[in-house]
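Engineer: Can you keep this structure in mind? I'll have questions shortly.
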Amino acid sequence: MSGRSSLQVNRLGLVTPSLQGVAHTLASLLNASFQELAFSQMSTLAFLNLV
1 MSGRSSLQVN
11 RLGLVTPSLQ
21 GVAHTLASLL
31 NASFQELAFS
41 QMSTLAFLNL
51 V
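The sequence shown begins at 1 in this note's numbering and counts up by one.
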(Lines of atoms letter the chains of each structure in order from A and count residues from 1; the text may use other names and numbers.)
(Lines give C-alpha, C1' and ligand atoms only; values in the text may rest on other atoms or scores of the structure.)
Protein backbone atom coordinates (compact mmCIF):
# COMPACT_ATOMS: atom_id res chain seq x y z
CA MET A 1 0.00 0.00 0.00
CA SER A 2 1.20 3.47 -0.80
CA GLY A 3 1.51 5.76 2.21
CA ARG A 4 0.73 8.83 0.14
CA SER A 5 -2.75 7.87 -1.03
CA SER A 6 -3.89 5.62 1.81
CA LEU A 7 -7.56 6.22 2.40
CA GLN A 8 -9.62 4.29 4.91
CA VAL A 9 -13.36 3.75 4.81
CA ASN A 10 -14.88 3.87 8.27
CA ARG A 11 -18.07 2.23 9.49
CA LEU A 12 -20.23 5.13 8.29
CA GLY A 13 -18.95 4.65 4.77
CA LEU A 14 -17.04 7.92 4.82
CA VAL A 15 -13.62 7.96 3.25
CA THR A 16 -11.13 9.49 5.63
CA PRO A 17 -7.39 9.82 5.15
CA SER A 18 -5.40 7.65 7.51
CA LEU A 19 -3.29 9.19 10.25
CA GLN A 20 -0.17 8.09 8.41
CA GLY A 21 -1.31 9.91 5.29
CA VAL A 22 -2.14 13.06 7.25
CA ALA A 23 1.22 12.98 9.04
CA HIS A 24 3.01 12.46 5.72
CA THR A 25 1.17 15.42 4.16
CA LEU A 26 1.91 17.68 7.14
CA ALA A 27 5.57 16.66 7.12
CA SER A 28 5.96 17.40 3.41
CA LEU A 29 4.18 20.75 3.79
CA LEU A 30 6.44 21.72 6.69
CA ASN A 31 9.50 20.54 4.79
CA ALA A 32 8.51 22.58 1.73
CA SER A 33 7.89 25.75 3.78
CA PHE A 34 11.20 25.34 5.63
CA GLN A 35 13.03 24.92 2.32
CA GLU A 36 11.27 27.99 0.92
CA LEU A 37 12.17 30.00 4.02
CA ALA A 38 15.81 28.91 3.87
CA PHE A 39 15.96 29.72 0.16
CA SER A 40 14.51 33.22 0.66
CA GLN A 41 16.98 33.87 3.48
CA MET A 42 19.86 32.71 1.30
CA SER A 43 18.78 34.86 -1.63
CA THR A 44 18.35 37.85 0.71
CA LEU A 45 21.87 37.35 2.05
CA ALA A 46 23.23 36.98 -1.47
CA PHE A 47 21.43 40.18 -2.50
CA LEU A 48 22.87 42.06 0.49
CA ASN A 49 26.34 40.83 -0.38
CA LEU A 50 25.94 42.14 -3.93
CA VAL A 51 24.87 45.62 -2.81
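We put the CB at the ideal spot given by N, CA and C, even for glycine.
(1) Grouping DSSP H, G and I as helix and E and B as strand, with all else coil, what is Val51?
(2) Helix, strand or coil: which one does DSSP assign to Ser40?
(3) Around the Cβ of Ser2, are there at least 16 other Cβ atoms within 10 angstroms (buried) or fewer (exposed)?
Structural biologist: If we stick to the structure as given:
(1) The count along the sequence shown starts at 1 and reaches residue 51 at position 51. It is coil, neither helix nor strand.
(2) Your numbering for residue 40 matches position 40 in the sequence shown. Looking at Ser40 - three-state DSSP - the assignment turns out to be helix.
(3) Here residue 2 corresponds to residue number 2 of the sequence shown, with the count starting at 1. Any reading at Ser2 must be qualified, since the residue scores a pLDDT of 49, below 50, and its modelled position is unreliable; the value itself is stated next. The residue is exposed, with fewer than 16 neighbouring Cβ atoms inside 10 Å.
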